[in-house]
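In what follows, a single structure is set out as structure tokens and then discussed.
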Amino acid sequence: MATTTEANDEASRRSTTKIVDASLWWDPFPQLLAELESVSPYSDLPSPLEKKIKENHAWFLDTVSLFKPPNLKSREALDASRLKIGLHQITVETDKKEAAVKISSALCLDEVQSYILVDRTIDQKCIVADGVFRELPHLVMLQYYLERQCLMKCTRHIIMQAFMYYLSYSSPNAVYIATRSQDAFIVDEAQKLISDGLDRKFFSVLQENLHSNFPENMDVDLYTLWAEEIVTEDNVVLDVLFLIFYEFCPCTGELWKKLCLLYEGFISNSYNFGRLAVSAEAVSSIYHAKLQLLLILIETLDLENLLQMVHDETPFRHGYVTFSLSEVEEIDAMVSTFDVFENKESGPLVLAWAVFLCLISSLPGKEENSILMEIDHIGYVRQAFEAGSLSSFLEIIENDILRDFDGPITGFRSVLRTFLSAFIASYEINLQLEDGNLKLILDILCKIYQGEESLCTQFWDRESFVDGPIRCLLCSLEGEFPFRTAELLQLLTALCEGAWPAECVFNFLDKSTGLSSPVDISSCAIVNDASQTVMVVQPLHLPGIEGLVIPSGTRGHLLKMIDRDIALVRWEFPQSGIVVLLLRLAQGLYLEKTSEIVMTLGFLSRLVTFNMGVCYSLLDLGGYMHDEMNSPTEHLRINVAEIICAFIKNLSPDCSGVELMSMGVKILAKMLKCSPYHVSRLIVQANIFDVAFKTNPFKVDSNGLSSGSWLLSGRLAKMLLIDCEQNDCQLTLSVLDFTMQLMDSGMENDVVLALVIFSIQYVLVNHEFWNYKNKHTRWKVTLKVLEVLKKCILSISYIQKLGEVVKDILFGDSSIHNALCRLVCTTSDVLEKLYFSRLYGLTDIEGLQQAIVLGLDILSSMLSDFSMVVPTFTVFCQAVISQTAKPVPVVTAVISLMSFFRNPC
């Protein structure tokens, strides 16, 4: 009887609905993140998405702390048949309940929340049971950390969008263009989060993660996964903290000291980093975290504000609000304990602190502050330089982590830019610095600006005081042009990112007000000894530029002594720096000045890439040559395209030749857009790719084609293989782009046909078997050659003679068919498994997916557009429908891919 009663009681409990805390429920954050990231910055937020953001405010703020620890009430609630969690109800199933209880113990997670995870994981339709992920606990754990990361990334996305709004607001030329309704909502939400103490919440999460240990009840084989997820969370947390301090609110002195102690623990491995470095991914994330915290500490020194105060001569007590004088003293006591020789990772922070001290000690009224007068910032600088700390900044900016991750890269580079500018201003860095540090500073500056249009735009804005010290350095370099060409070109090449910056760079060099050259001072007349003004008595030929003469009577300013009797003089002789540069390039081709040619071509390549107006200007460039009596004798026309064609023709098939050809071809491709007939005629005349013409290339037939004569020499193929193994396939991509540009020009000649056939019969068919220096560049080549193939198909209808030849090859060459089939014959299962393989990165998988889409598009066009008009169509059709295609038939792969779906998160 008692047994029956117990059974009835159990049945009664199982038939009830249990109400639990509504805060235990959450909507899937991967889905929410996908929705946030899919919204264009130029469109309004959908109303349902705005509602979701408002509803999840508490989750964004309290973040992972809302994933609760196990508790008895939740454990007992699972005994009911249904759970009511706020507005949501779920049915409790026995097998899921048992799994949830075990997982709750392993993850130290609330039992109801564990059940939600189990329920969602089992219900997913795209779970891959492979290797270590075959068991449910492994999948649930993966889903749990995915939820945590996506939650943090949602918060980061909101803060980042607000940051981008402020960036666009402060810089009208920025790429990002704000829209009022979306930005008003996002900025409002970001401000609410920050005013509610988001920085404190995320700082607490960071501290908790740094002291966390592997859960005792978790399987040991999950340790690597757990470690990687923890350090990835640290990266996201530090991203959010950086954004908050960079744009929204200052860091207090108290918090700065806590962050400094964290950094000290980071670099001394006092926290759990040593135990978390269990894989290459984890090691990379740990280094990333150290870098993030370092940049947060440098940013929160507020060097930008100090530069403004120095510029405006504002006393410390009137303008600086981040730290009090007592906090400066306390922080200095902390920094002074760092040993830059024992731990080199502390060097950059010590150097940044020295710059901070130098700036505040430069402010008016420093005599009133005995604390500032007593601190020895010079000692910090001396130690940092002896330990090579400045080179650490170059290592930071060159590291792939800063380039490849999805955080606030522009903000990080901006912090480094501000530090370098403050460093230059603090210690009067100039061209007299001949100990290698000037080159190191220029290397760092170039790495900072290159690829960042917003920073380059800010640089050329005269109102930007932050870039002022760097602009002074640039003007000093220009003052020694062309004597000191390499350093000037290096910096200008980095500063031309974007259309307007490229125009500014061109104008800066084109409107040069003088030229500098070494001269025997005894051959000059002293005009004014006090101002060091001299006058050339005899006509002076500029070394390295044949035909360019400084006329007698020209005055100049003595810049510095190079040798006992040799001085560097800046002559008052206006001449376009662009013209001088191109004259040096043309003469350098014969003198084999390889390093200068590489720099000049790289400079020209970036100019024409970012600004077509500059490209037009280069095609119509000229100047006046002067005789020895200072009279213009002839108007010099410089044919840039002809110069580049000549040097491409004579390049050797080696690593140096590959780099030069890549830049030269890229420049010609841009010039083809400006003047197709003129540039293509020069290309045919120069025969830059060694086309085996049957006719004289200078007497092409009326149709422009000599049938059967489109074979290329082996030089280009050899150079592409070198490019693949030694570089990042820049030459290959340039040649393919150049081929498409020639097709767009509508020209029909042997060169066009040779390159088209070379692209589809050699590159398309063979590129998958090449040895790549970086394996993910293979997909760049694949996508580009498929674009060429797509353009070939489209061109058949409007380029008649070229189209006929291309059509016969496309449908009759089985090697092309096999290459396409190998690409598209990939099933959804294969794609899904790649996401769980450590042998394939996300870049590789995305490249493969894009290539499959383009490959299927090409097959579709070939099947639909030419089925009735091409005699060789049967050969192509048989290849497509063949049941022996490897690894699976095309039809099987297509059917499988139709059902493929994967959440982008």
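Here this note's numbering is used: the first residue of the sequence shown is 675, the next is one more, and so on.
All C-beta atoms in this analysis are idealised placements derived from N, C-alpha and C, irrespective of residue type, glycine included.
No experiment lies behind these values; they were computed from the predicted model shown.
**Asked** With contact counted as at least three CB pairs below 8 Å, one residue from each stretch, are the segment 1142-1156 and the segment 1185-1195 in contact?
**Response** yes
**Asked** Within this structure, are the beta carbons of residue 820 and residue 704 separated by less than 7 Å?
**Response** yes
**Message:** Cutting at 6 Å between CB atoms, please list the residues of its own chain near residue 1097, excluding the five before and the five after it.
**Reply:** 1029
**Message:** I'd like the list of long-range same chain contacts for residue 1398, defined as Cβ closer than 6 Å, with 5 residues on each side in sequence excluded.
**Reply:** 1444, 1446
**Item:** Collapsed DSSP secondary structure at residue 1087 in the structure displayed
**Value:** helix
**Prompt:** What's the C-alpha gap between residue 1222 and residue 1312?
**Reply:** Approximately 14 Å, taken between the alpha carbons.
**Prompt:** Just the Cα atoms here: how many angstroms apart are residue 919 and residue 1120?
**Reply:** 25 Å
**Message:** Let me check one thing: in DSSP terms, what residues is residue 1198 bridge-paired to?
**Reply:** 1210
**Message:** To the nearest angstrom, how far is the alpha carbon of residue 718 from that of residue 858?
**Reply:** 10 Å
**Message:** Whole angstroms are fine: how far does the CA of residue 1093 sit from the CA of residue 724?
**Reply:** 38 Å
**Status (buried if at least 16 other CB within 10 Å, exposed otherwise) for residue 928** = exposed
**Asked** In this structure, does DSSP put residue 1230 in helix, strand or coil?
**Response** strand
**Message:** Excluding the 5 residues flanking residue 800 on each side, which residues of the same chain have their C-beta closer than 6 Å to its C-beta?
**Reply:** The predicted model places residue 800 with a pLDDT of 46, which falls under 50 and marks its position as unreliable; any figure quoted below should be read in that light. Cβ within range, chain order: n/a, list empty.
**Item:** Own chain, CB closer than 7 Å to residue 1459, minus 5 neighbours either side, in chain order
**Value:** Excluding the 5 residues flanking it on each side, residue 1459 has same chain C-beta neighbours closer than 7 Å at 1410, 1433, 1437, 1438, 1441, in chain order.
**Asked** If you draw a straight line from the alpha carbon of residue 1290 to that of residue 1343, how long is it in whole angstroms?
**Response** 13 Å
**Item:** Member of 830, 1006, 1035 whose CA lies at the smallest distance from the CA of residue 1023
**Value:** 1006
**Asked** If we ignore side chains and look at the alpha-carbon of each, how far apart do residue 1128 and residue 1174 end up?
**Response** 11 Å
**Prompt:** In terms of residue numbering, what span does the alpha helix (DSSP H) encompassing residue 645 cover?
**Reply:** Missing from the structure shown is residue 645; the chain here goes from 675 to 1579 and no further.
**Item:** Backbone secondary structure at residue 763 - three-state DSSP
**Value:** strand
**Request:** Kindly confirm or deny that the segment 880-900 and the segment 741-760 touch, where touching means at least three C-beta pairs closer than 8 Å.
**Result:** Counting Cβ pairs under 8 Å, fewer than three are found: no touch.
**Message:** I'd like the list of long-range same chain contacts for residue 695, defined as Cβ closer than 6 Å, with 5 residues on each side in sequence excluded.
**Reply:** none
**Request:** Report the rounded CA-to-CA distance for residue 1537 versus residue 1565, giving the unit in angstroms.
**Result:** 13 Å
**Classification of residue 1580 by the beta-carbon crowding that lies within 10 angstroms, buried from 16 upward** = Past the edges of the chain, shown from 675 to 1579, lies residue 1580, and the structure says nothing about it.
**Request:** Starting from residue 1238, follow the alpha helix (DSSP H) in both directions and report where the run begins and ends.
**Result:** If you look at residue 1238, you'll find it isn't in any alpha helix (DSSP H); DSSP assigns it neither H nor E.
**Request:** For the segment 772-783 and the segment 809-816, state whether three or more C-beta atom pairs, one from each stretch, are separated by less than 8 Å.
**Result:** Segments in contact, yes.
**Item:** Identity of the residue in 781, 861, 1036, 810 nearest residue 835 by Cα
**Value:** Taking residue 835 as reference, the option from 781, 861, 1036, 810 with the minimal CA-CA separation is 861.
**Message:** What would DSSP say about residue 1569, mapped onto helix, strand or coil?
**Reply:** helix
**Item:** Bridge partner(s) assigned by DSSP for residue 1511
**Value:** DSSP lists no partner for residue 1511.
**Message:** I'd like the list of long-range same chain contacts for residue 731, defined as Cβ closer than 8 Å, with 5 residues on each side in sequence excluded.
**Reply:** Taking residue 731 as the centre and dropping the five residues before and after it, the same chain places the C-beta of 863, 866, 867 closer than 8 Å to its C-beta, in chain order.
**Request:** With DSSP collapsed to three states, give me the class of residue 1192.
**Result:** Strand at residue 1192.
**Asked** Short check: CB of residue 1063 to CB of residue 1031, under 7 Å?
**Response** no
**Request:** Please list, in chain order, all residues of the same chain as residue 1470 whose beta carbon is under 6 Å from its beta carbon, the five residues on each side excluded.
**Result:** 1477, 1481
**Prompt:** So residue 960 and residue 950 are in contact, right, with Cβ under 8 Å, and what is the actual spacing, rounded?
**Reply:** 7 Å
**Item:** Same chain, Cβ closer than 8 Å to residue 1218, neighbours up to 5 away in sequence not counted
**Value:** 1156, 1258, 1261
**Asked** Under 7 Å between the Cβ atoms of residue 1272 and residue 1358?
**Response** no
**Asked** Who are the Cβ neighbours of residue 917 in its own chain at under 8 Å, not counting the five residues just before and after it?
**Response** Excluding the 5 residues flanking it on each side, residue 917 has same chain C-beta neighbours closer than 8 Å at 830, 833, 834, 837, 1082, 1085, in chain order.
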